[in-house]
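Trainee:
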Ligand code: SF4
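In our numbering, the protein residues as written are 190 to 431.
Set out below in structure tokens:
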């Protein structure tokens, strides 16, 4: 099966409409999460690394416990890796606390105890990939950069590509290009948080809430599943959807 390039990105009107609907949805459904009450790059990094492979409700108490013990990069860098690993238990994937400890040591040694606001420098650190670097830069430094995790990929794929094109998509670049085209220059923080919440709680893998979804009229997946009914004159009646 041939790979599908992202031949055309959504036009400005569609991008604006998608953001507007997403942000309106976020205003009603946003989750109150502790890492949304800080702009400390280190605290945001801790939350992002904990959230890799672990559900939010398990991360919240450990996030507080971890930052009570290691409130700064300096405190973490000065600790013994085995102690950090012990505190991390039972989140699992124990390479994560060791990576975090390594990042803290590097930040203290090279960047004066602060995470750099630079994609290349962040991604040069062990355990920080494109997604995590983007999350730190957007959520801590306010940069209008895209982030793509499995939730974001699913939402953008469903809305803008539809099932057939999404299934044929190969590699990550096309999805990052799409995500990058959609990030607003302002309100990038809310937009990216909204996208993740929308994927995690609404447009979920197995039970998407299409019937009440604000995106449904322009969602490629919804439209593919429900061909538009036609009126007596043969014209598509978009109002009948949902
Ligand atoms: S209509 Fe359904 S598939 Fe499309 S964005 Fe909404 S919940 Fe997701």
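Here a beta-carbon is modelled for each residue, glycine too, at the ideal position from N, C-alpha and C.
A quick note: this is a predicted structure, and the numbers were derived from the prediction, not measured.
In whole angstroms, what is the alpha-carbon distance linking residue 343 and residue 408?
Mentor: Position 154 of the chain shown, counted from the start, is the residue given in the question as residue 343. Position 219 of the chain shown, counted from the start, is the residue given in the question as residue 408. Cα to Cα, the separation comes out at about 12 angstroms.
Trainee: Between residue 354 and ligand 1, is there a pair consisting of the residue's CB and a ligand heavy atom that are separated by less than 8 angstroms?
Mentor: Numbered from its first residue, the chain shown carries residue 354 at position 165. Outside the cutoff, so no.
Trainee: With respect to 8 angstroms, is the separation between the Cβ of residue 239 and the closest non-hydrogen atom of ligand 1 below this value?
Mentor: Mapped onto the chain shown, residue 239 falls at position 50. Checking every heavy atom of ligand 1 against the Cβ of residue 239, none is found closer than 8 angstroms.
Trainee: Helix, strand or coil: how does DSSP classify residue 256 here?
Mentor: Indexing the chain shown from 1 puts residue 256 at position 67. The answer is helix: DSSP assigns residue 256 an H, G or I state.
Trainee: Please list, following the chain, all residues that have a C-beta closer than 7 angstroms to any non-hydrogen atom of ligand 1.
Mentor: Working through the chain, the matches are 344, 347, 348, 391, 392, 397, 398, 399, 402, 404, 405, 408, 410, 411.
Trainee: Can you give me the Cβ contacts of residue 399 inside the same chain, cut-off strictly under 6 angstroms, excluding the 5 residues immediately before and after it?
Mentor: Working through the chain shown from its first residue, we reach residue 399 at position 210. Hits under 6 angstroms: 405, 411.
Trainee: State the start and end residues of the unbroken alpha helix (DSSP H) segment that holds residue 234.
Mentor: Residue numbering aside, residue 234 sits at position 45 when the chain shown is read from its first letter. Start and end: 230–240.
Trainee: Going by DSSP in three states, residue 283 sits in which element: helix, strand or coil?
Mentor: Counting from 1 along the chain shown, the entry for residue 283 is found at position 94. Coil.
Trainee: Can you tell me where the alpha helix (DSSP H) holding residue 224 begins and where it ends?
Mentor: For the purposes of this step, residue 224 is identified with residue 35 of the chain shown, where counting begins at 1. Run containing residue 224: none; DSSP gives neither H nor E here.
Trainee: With a Cβ-Cβ cutoff of 9 angstroms, do residue 320 and residue 230 count as a contact?
Mentor: Reading the chain shown from its first residue, position 131 is the one you call residue 320. Reading the chain shown from its first residue, position 41 is the one you call residue 230. Cβ atoms of residue 320 and residue 230: not closer than 9 angstroms.
Trainee: Could you tell me whether the segment 343–361 touches the segment 375–388, using the rule of 3 or more Cβ pairs below 8 angstroms?
Mentor: At 8 angstroms Cβ cutoff, the stretches touch.
Trainee: Near residue 233, which residues of its chain fall below 8 angstroms by C-beta distance, leaving aside the five closest residues on each side in sequence?
Mentor: The residue given as residue 233 occupies position 44 in the chain shown. Closer than 8 angstroms at the Cβ level, and outside the excluded window around residue 233, lie 224, 227, 324, 325, 328, 329.
Trainee: To which residues of the same chain is residue 362 closer than 6 angstroms at the C-beta, ignoring the five residues directly before and after it?
Mentor: The residue you call residue 362 lines up with position 173 of the chain shown. Contacts found: none.
Trainee: What is the DSSP secondary structure of residue 365, reduced to helix, strand or coil?
Mentor: Position 176 of the chain shown, counting from 1, holds the residue named residue 365. In the structure shown, residue 365 sits in a helix (DSSP, three-state: H, G or I).
Trainee: Within 10 angstroms of its Cβ, does residue 237 collect 16 or more other Cβ (buried), or is it exposed?
Mentor: One-based indexing of the chain shown puts residue 237 at position 48. Answer is buried; the Cβ neighbour count reaches 16.
Trainee: Tell me whether the beta-carbon of residue 243 lies closer than 9 angstroms to the beta-carbon of residue 280.
Mentor: For the purposes of this step, residue 243 is identified with residue 54 of the chain shown, where counting begins at 1. For the purposes of this step, residue 280 is identified with residue 91 of the chain shown, where counting begins at 1. The answer is yes: Cβ separation under 9 angstroms.
Trainee: Return the Cβ separation of residue 283 and residue 315 in integer angstroms, given the expectation that the two are a contact with Cβ distance under 8 angstroms.
Mentor: Mapped onto the chain shown, residue 283 falls at position 94. Mapped onto the chain shown, residue 315 falls at position 126. With 8 angstroms as the limit, residue 283 and residue 315 do not qualify as a contact, their Cβ atoms being about 14 angstroms apart.
Trainee: What is the DSSP secondary structure of residue 268, reduced to helix, strand or coil?
Mentor: As a first step, residue 268 must be located in the chain shown, where it is residue number 79. Coil.
Trainee: Would DSSP call residue 353 helix, strand or coil?
Mentor: Counted from its first residue, the chain shown places residue 353 at position 164. Helix, per DSSP.
Trainee: Between the C-alpha atoms of residue 360 and residue 371, what's the straight-line distance to the nearest angstrom?
Mentor: Your numbering for residue 360 matches position 171 in the chain shown. Your numbering for residue 371 matches position 182 in the chain shown. Going by the C-alpha atoms only, they are around 19 angstroms apart.
Trainee: Nearest to residue 275 by alpha carbon, out of 286, 265, 267?
Mentor: Start at 1 with the first residue of the chain shown, and residue 275 comes out as number 86. Nearest of 286, 265, 267 to residue 275, Cα basis: 286.
Trainee: Kindly list the residues whose CB is nearer than 6 angstroms to the CB of residue 291, restricted to its own chain and excluding five residues on each side of it in sequence; keep chain order.
Mentor: On the chain shown, position 102 is the one that residue 291 refers to. Within the same chain, residue 291 has close Cβ partners 315.
Trainee: Give the DSSP-derived three-state secondary structure of residue 274 in the structure shown.
Mentor: Position 85 of the chain shown, counting from 1, holds the residue named residue 274. Reduced to three states, the DSSP call for residue 274 is helix.
Trainee: By Cβ distance below 6 angstroms, which residues in the same chain neighbour residue 333 in space, the five residues on each side in sequence not counted?
Mentor: As a first step, residue 333 must be located in the chain shown, where it is residue number 144. Here the set comprises 372, 374, 377.
Trainee: In or out: residue 380 buried (at least 16 other Cβ within 10 Å) or exposed?
Mentor: Looking up residue 380 in the chain shown gives position 191. Flag for residue 380 reads buried.
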